Amino acid sequence: MTVRLRIVVPGLLLVGLGLGLVGHSVWKDQRRARLVGLTDSACSPAGRSITGSDYDDWGGLCFYRAANTALRREGLHPEVVMIGDSITMGWPTLGTQVVNRGVGGQTSSQILLRFRQDALDLGPRIIHLMLGSNDVFGLTGPVTLDQIDGNVRTMAEQARRHGAVLILGTLPPSKGFGGLFAPDPGPAIARVNQRLSQIARQEGLVLADYHAALARPDGSIREELFVDGIHPNAAGYAAMQPIYRAALSEAERRRSQAATP
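According to this note's numbering, the residues represented by the sequence shown are 1 to 261, in order.
Okay, here's the thing in structure tokens:
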């Protein structure tokens, strides 16, 4: 063994040991009582991983598993599926033909991961997609604008292949949770919304500009429309409703037009 190899091999062993210790630390920190791989049922009736650890269901695939199964069992196909994060999850009074598949705290990558089972597989004519706030806040780590772009375009392509019209909502304005997320998210939100508008034009999506309904002319939030600087209150959702209705009408028009021979 050469001198160089005598130096490199022990170094690699130390790196491997270090990675192993880091992995064990993550495993321990997440309180993972056991590891489960391939199984016939990954989710508990309560909508969590059968291991009891949220770490084992990073994408939130278990959250609506039982509800989706019930819909399919009854042969029900919603007209509209709304998928997104907590802003979608908190949306009130959507109607009997609309299914809500929002999961609080999710980023665009997590929503993409469950897009098939929570949206496409339900067979809707229209899908309403709203995401990006948690990407801006970095809830699953650093992310680039191109990554968000790729996630959205992938979902747009999938919706198109399944014959569904996609409505894409812009990010609402935000000031973060009392400075927990620094710096001011306003400029990042503006960049994401500009990219979402571009994607909607290029992919032929229906754009629902909720930011315009919830922001002041300078882009800051209208305080009276928010619970905590991030999530709309009842008045905020009421302000969003005309935009939602207009987007839904346009999506229905396009869907009917596409179905006409």
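Even glycine gets a Cβ: it sits at the ideal position worked out from N, Cα and C.
This one's a predicted model, so the numbers in the text were calculated from it and none came from an experiment.
When DSSP reads this structure, P232 sits in a beta bridge with F226.
Put simply, the backbone Cα of S49 is about 30 Å away from that of L166.
Rounded to whole angstroms, the gap between the alpha carbons of V192 and V143 is 11 Å. Of the candidates P45, T51, Q202, T88, the residue whose Cα lies closest to the Cα of L38 is T51. Straight-line spacing of the CA atoms in Q106 and L129 works out to 13 Å. Beta-carbon to beta-carbon, P124 and E157 are separated by about 16 Å, too far to satisfy the 8 Å threshold.
By the CB criterion at 9 Å, M89 and V103 fall inside the cutoff.
Out of F137, V152, L207, the CA that lies nearest to the CA of D184 is found in F137. Only residues of its own chain outside the window of five on either side were considered, and among them A66 have a CB closer than 8 Å to the CB of P45, listed in chain order. Looking at the DSSP output, L196 shares a beta bridge with no other residue. Note: S49 is bridge-paired with C43 in the DSSP secondary-structure output.
Using a Cβ-Cβ distance cut-off of 8 Å, the segment 202-212 and the segment 241-252 are in contact, since at least three pairs of beta carbons, one from each stretch, lie closer than that value.
Separation of G169 and D85 (C-alpha to C-alpha, rounded to the nearest whole angstrom) is 12 Å. Residue environment: P242 is assigned as exposed (fewer than 16 neighbouring CB atoms within 10 Å of its CB, all protein chains considered). Separation of G95 and M82 (C-alpha to C-alpha, rounded to the nearest whole angstrom) is 12 Å. The residue from W58, H162, H231 with its alpha-carbon nearest to that of T140 is W58.
C-alpha of Y64 to C-alpha of D118: approximately 7 Å in a straight line.
Using a 10 angstroms sphere on the CB of R245, the tally of other CB atoms stays under 16, which defines it as exposed. Per DSSP, reduced to three states, the secondary structure at R101 is strand. Distance from the CA of E74 to the CA of L122, rounded to the nearest whole angstrom, comes to 12 Å.
For H162, the three-state secondary structure derived from DSSP is coil. 9 Å or more divides the Cβ of P92 from the Cβ of Y210.
Between the C-alpha atoms of Q202 and A259 there is a straight-line separation of about 22 Å.
H211 carries a helical assignment under DSSP once its states are collapsed to helix, strand and coil. Sequence-distant Cβ neighbours of I230 in its own chain, meaning closer than 6 Å and more than five residues away, are S174. Counting along the chain, the unbroken beta strand (DSSP E) around V81 starts and ends at 80-84.
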